[in-house]
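Taken in order, these protein sequences are the chains called A and U.
Take the first sequence: its position 37, counted from the start at 1, is 37 in the working numbering, and no numbers get skipped.
Take the second sequence: its position 181, counted from the start at 1, is 181 in the working numbering, and no numbers get skipped.
Where a beta carbon is used, it is the ideal one built from N, C-alpha and C, also for glycine.
Keep in mind that this is a model prediction, so the values were computed, not measured.
Let me begin by presenting the structure, written as structure tokens, before commenting on it.
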Amino acid sequence: MSAQVLPLLFHQRWRSTAWWVVGVVATTLLVTLSYPSIAASAAAIDAYGRSLPLGLQRALGAAGGMASPAGYLDTKLFASTLPLLMSVLAIGTGTWVVAGSEGAGELELLLAGPLTRRRLVWGRALGTAAVVAVVAGSSAGALQLTLAPAGLDTGLAPGSTWLAAASTSAAALVFGALALAVGAATGRRGVAIGTAAAVLAGTWLLHGLVGTLALAGALRCVLPWTWASEGDPLSSGSSATWWWESLLLPLAVSAVLVAFGVAAFERRDLH
Amino acid sequence: MATVVSDPTRPAAAAPGSGLLHASALTKRFGSVVALERVSLQVGAGEVVGLLGPNGAGKTTLLRCAVGHLRPTSGTLRVLDGGPGDPSVRSAVGYLPADPHLEPRLRVSALLDLYTRLRGVEERARVAPLCERLHLDVRRLAGDLSTGNRRKVALVLALAHRPRLLLLDEPTSGLDPGARSEVEALVREAAERGAGVVYSSHDLAEVAELASRVVALDGGTAVGELTGDGLAGWGRQRIAVRLADPAPPAMLDGVPGVVAWSADGRDVVAQVQGPVAALLRVLASHDVQSLQVTDTGLARLLEGQRRPVHAAASAPRSSA
Numbered sequence: 001m002s003a004q005v006l007p008l009l010f011h012q013r014w015r016s017t018a019w020w021v022v023g024v025v026a027t028t029l030l031v032t033l034s035y036p037s038i039a040a041s042a043a044a045i046d047a048y049g050r051s052l053p054l055g056l057q058r059a060l061g062a063a064g065g066m067a068s069p070a071g072y073l074d075t076k077l078f079a080s081t082l083p084l085l086m087s088v089l090a091i092g093t094g095t096w097v098v099a100g101s102e103g104a105g106e107l108e109l110l111l112a113g114p115l116t117r118r119r120l121v122w123g124r125a126l127g128t129a130a131v132v133a134v135v136a137g138s139s140a141g142a143l144q145l146t147l148a149p150a151g152l153d154t155g156l157a158p159g160s161t162w163l164a165a166a167s168t169s170a171a172a173l174v175f176g177a178l179a180l181a182v183g184a185a186t187g188r189r190g191v192a193i194g195t196a197a198a199v200l201a202g203t204w205l206l207h208g209l210v211g212t213l214a215l216a217g218a219l220r221c222v223l224p225w226t227w228a229s230e231g232d233p234l235s236s237g238s239s240a241t242w243w244w245e246s247l248l249l250p251l252a253v254s255a256v257l258v259a260f261g262v263a264a265f266e267r268r269d270l271h
Numbered sequence: 001m002a003t004v005v006s007d008p009t010r011p012a013a014a015a016p017g018s019g020l021l022h023a024s025a026l027t028k029r030f031g032s033v034v035a036l037e038r039v040s041l042q043v044g045a046g047e048v049v050g051l052l053g054p055n056g057a058g059k060t061t062l063l064r065c066a067v068g069h070l071r072p073t074s075g076t077l078r079v080l081d082g083g084p085g086d087p088s089v090r091s092a093v094g095y096l097p098a099d100p101h102l103e104p105r106l107r108v109s110a111l112l113d114l115y116t117r118l119r120g121v122e123e124r125a126r127v128a129p130l131c132e133r134l135h136l137d138v139r140r141l142a143g144d145l146s147t148g149n150r151r152k153v154a155l156v157l158a159l160a161h162r163p164r165l166l167l168l169d170e171p172t173s174g175l176d177p178g179a180r181s182e183v184e185a186l187v188r189e190a191a192e193r194g195a196g197v198v199y200s201s202h203d204l205a206e207v208a209e210l211a212s213r214v215v216a217l218d219g220g221t222a223v224g225e226l227t228g229d230g231l232a233g234w235g236r237q238r239i240a241v242r243l244a245d246p247a248p249p250a251m252l253d254g255v256p257g258v259v260a261w262s263a264d265g266r267d268v269v270a271q272v273q274g275p276v277a278a279l280l281r282v283l284a285s286h287d288v289q290s291l292q293v294t295d296t297g298l299a300r301l302l303e304g305q306r307r308p309v310h311a312a313a314s315a316p317r318s319s320a
């Protein structure tokens with residue numbers, strides 16, 4: 001399905017992906033190499049974290065304590081920074097798949113040949129997943145290399161940083177797939193970005209309120225960042241909850257959104 | 001005095017029934033805007049059909065329907081005996097959009113390679129000769145190409161797989177005269193190989209040179225159709241000059257390209273088919289005070305034929 005699409009996609013996206021890798025790796029290194037200076041004030045930081053409202057603690061990933069390696073990585077990287085970066089990347093790439101590319105006039109020639117809209121969208125959706133995985137994976141790789149030198153290698157489950165990066169990618173892909181679907185249905189880049197960003201902001205806010213607001217708790221089944229945090233891979237490693245809730249559920253939702261996008265794209269005019 | 005010049009290079013009209021493209025009562029609306037209104041068109045093997053009309057006439061809409069980018073609102077549209085969106089159909093169609101967009105950061109060579117791979121064209125050897133004929137520098141970045149050169153790249157992509165149906169939207173727009181001639185030659189060769197060609201333009205002289213049939217569109221409606229000898233006269237230019245002295249008798253007799261001429265004292269009017277170089281050489285030997293060139297073109301054609309024609313209007317109306 002994607003064999004014909006991916007070489008072109010690689011040529012079109014490798015530069016921006018490379019810059020994303022550089023940025024995310026630099027952010028990761030900044031976080032890990034700052035740990036030794038933070039660890040000395042662990043007790044004070046934990047006390048400050050506990051003084052925050054529960055919702056904010058959840059949103060910041062500080063509920064488990066910020067001074068432990070797992071808590072520190074969760075707070076500084078996996079609870080907010082990496083998810084937001086990955087979401088921006090996924091939304092940007094997902095928007096490009098149809099709406100961005102269509103707005104630039106690229107699809108006029110591309111879809112004049114035997115390549116179908118379905119194959120184009122699914123091929124590019126897989127490419128989007130690969131781009132997000134490569135960038136998140138580079139963050140996990142940089143983390144893995146610097147855990148021991150930074151003193152962050154105690155109390156972490158084996159391979160936990162890879163698992164956390166995978167669940168972060170999976171949750172971000174939901175928003176990327178939403179941007180793709182809206183872009184495929186409307187052909188409008190601004191609408192795709194706006195819708196996905198609004199849903200990201202709304203679900204992020206509700207995720208922070210799970211546990212403090214009854215409504216947010218009731219809606220947890222539609223909050224990708226709650227799914228991603230439920231598995232707690234940094235402390236627990238790979239578990240059934242992580243597999244089902246943090247990985248497979250967001251991937252399945254993403255696939256459904258892409259399928260909707262394909263169906264809508266096949267039924268409308270190319271702008 | 002007017003003479004119709006038979007052009008041996010003009011592809012012959014297709015035999016009826018060998019339709020590569022069949023559009024019947026095709027209508028396309030964008031909301032309340034009617035882009036095409038019950039337009040019917042047939043294109044046979046080896047036939048070059050010109051689509052002529054001013055901006056907004058519906059030429060591009062018709063071609064975009066034929067390549068599957070737009071879904072007709074009503075009417076019948078068959079391409080190579082299939083639906084325009086069918087991948088097997090599109091693999092045998094070559095399409096040149098009016099404004100081809102190319103990935104700007106790719107070199108032309110890489111872009112051609114990727115796109116032909118996407119099409120599954122095994123014979124990539126065809127790409128190089130086409131680039132050579134169009135003087136295309138494949139080492140350049142696509143983003144650095146001029147509009148004309150981007151059009152050449154898209155034309156190579158449209159021709160490389162030897163399509164059975166070629167849909168060209170203003171293929172010579174922005175091209176220099178040399179490239180324009182080469183494009184016209186490539187179109188003729190495609191037709192000689194048996195491909196059907198739809199050639200959209202707003203330049204009647206250009207279309208009349210190439211096409212065996214011209215369908216004029218205006219406001220989304222087919223307003224006229226020219227074929228054979230009726231078409232030949234439309235490819236001419238009318239050149240009017242005022243001389244300092246009365247025109248000598250037989251001044252333009254036998255001048256290549258001049259198919260008709262008349263003189264009234266110091267005023268001379270010539271109808272020229274094709275290049276005007278020979279006429280200009282003759283005029284250079286006279287004291288020419290003014291010269292006016294009029295394309296015997298689109299406006300005159302449309303003026304004379306502003307009545308809708310539906311060649312296949314009796315065909316049953318159905319959804320494409």
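Which first and last residues belong to the alpha helix (DSSP H) in which residue i is found?
i: U/A93; result: The identity of residue 93 of chain U in the sequence shown is Val, whereas the question assumes Ala. Segment V93 to L96 is the beta strand (DSSP E) holding U/V93; no alpha helix (DSSP H) there.
i: U/R119; result: V108 to R119
i: A/H11; result: V5 to A39
i: U/V39; result: No alpha helix (DSSP H) holds U/V39; the beta strand (DSSP E) holding it covers V33 to G44.
i: U/D267; result: Element bounds for U/D267: not the alpha helix (DSSP H) but the beta strand (DSSP E), D267 to Q273.
i: A/L215; result: A214 to A218
i: U/W261; result: Run containing U/W261: none in the alpha helix (DSSP H); it sits in the beta strand (DSSP E), V258 to D264.
i: A/L52; result: Per DSSP, A/L52 belongs to no alpha helix (DSSP H) and is neither H nor E.
i: A/L163; result: S160 to T186
i: U/V89; result: P87 to R90
What three-state label does DSSP hand residue i in the structure shown?
i: A/E106; result: coil
i: A/L223; result: coil
i: U/E170; result: coil
i: A/D232; result: coil
i: U/G82; result: strand
i: U/H286; result: coil
i: A/T154; result: coil
i: U/A2; result: With a pLDDT of 27 at U/A2, under the threshold of 50, the modelled position of this residue cannot be trusted; read the value that follows with caution. Coil at U/A2, not helix or strand.
i: A/H207; result: helix
i: A/D74; result: helix
i: U/A66; result: helix
i: A/V262; result: helix
i: U/A128; result: helix
i: A/L85; result: helix
i: U/V276; result: coil
i: A/T116; result: coil
i: U/S314; result: Since pLDDT at U/S314 reaches only 33, below the 50 mark, its modelled position is unreliable, and no value is offered.
i: A/L251; result: helix
i: U/T73; result: coil
i: A/L145; result: helix
i: U/P246; result: coil
i: A/R189; result: helix
i: A/R268; result: coil
Hey, could you find the ends of the beta strand (DSSP E) residue i is sitting in?
i: U/R213; result: R213 to D218
i: U/L252; result: Segment: none, U/L252 is in no beta strand (DSSP E) and carries neither H nor E.
i: A/V237; result: Val is not the amino acid found at residue 237 of chain A; the sequence shown has Gly there. Careful: A/G237 lies outside any beta strand (DSSP E) and carries neither H nor E.
Sort out for me which residues DSSP pairs residue i with in a bridge.
i: A/G92; result: DSSP output for A/G92 lists no bridge partner at all.
i: U/R29; result: U/V34
i: U/H22; result: U/Q42 and U/R78
i: U/T227; result: U/R213
i: U/A240; result: U/V269 and U/Q292
i: A/V121; result: Partner(s): none; A/V121 has no beta bridge.
i: U/G50; result: U/Y199 and U/V214
i: U/T221; result: U/D218
If I measure Cβ to Cβ from residue i and keep anything under 8 Å in the same chain, skipping five residues before and after, which residues do I get?
i: A/G237; result: A157, P158, G159, S160 and L163
Grab me the residues of residue i's own chain with a C-beta within less than 6 Å of its C-beta, minus the 5 sequence neighbours each way, in chain order.
i: U/G194; result: A45 and G46
i: U/S290; result: R242
i: U/L168; result: L96 and Y199
i: A/V210; result: A216, G217, R220 and T226
Taking 6 Å as the cut-off, is the beta-carbon of residue i closer than that to any non-hydrogen atom of the ligand SAM?
i: A/A185; result: As presented, the structure is devoid of all ligands, the ligand SAM included, so that no description of it is given.
Excluding the 5 residues preceding and the 5 following residue i in the sequence, name in chain order all residues of the same chain whose CB lies nearer than 7 Å to its CB.
i: U/G265; result: P246
i: A/S68; result: G155
i: A/L249; result: W227
Verify the CB distance criterion: does residue i have a CB-CB separation below 7 Å to chain B?
i: U/S91; result: Judged by its chain identifiers, the structure shown contains no chain B, and its protein chains are A and U.
Which full runs of the alpha helix (DSSP H) of 4+ residues lie inside the region 132–211 of chain U, going along the chain? 147–159, 177–192 and 204–210
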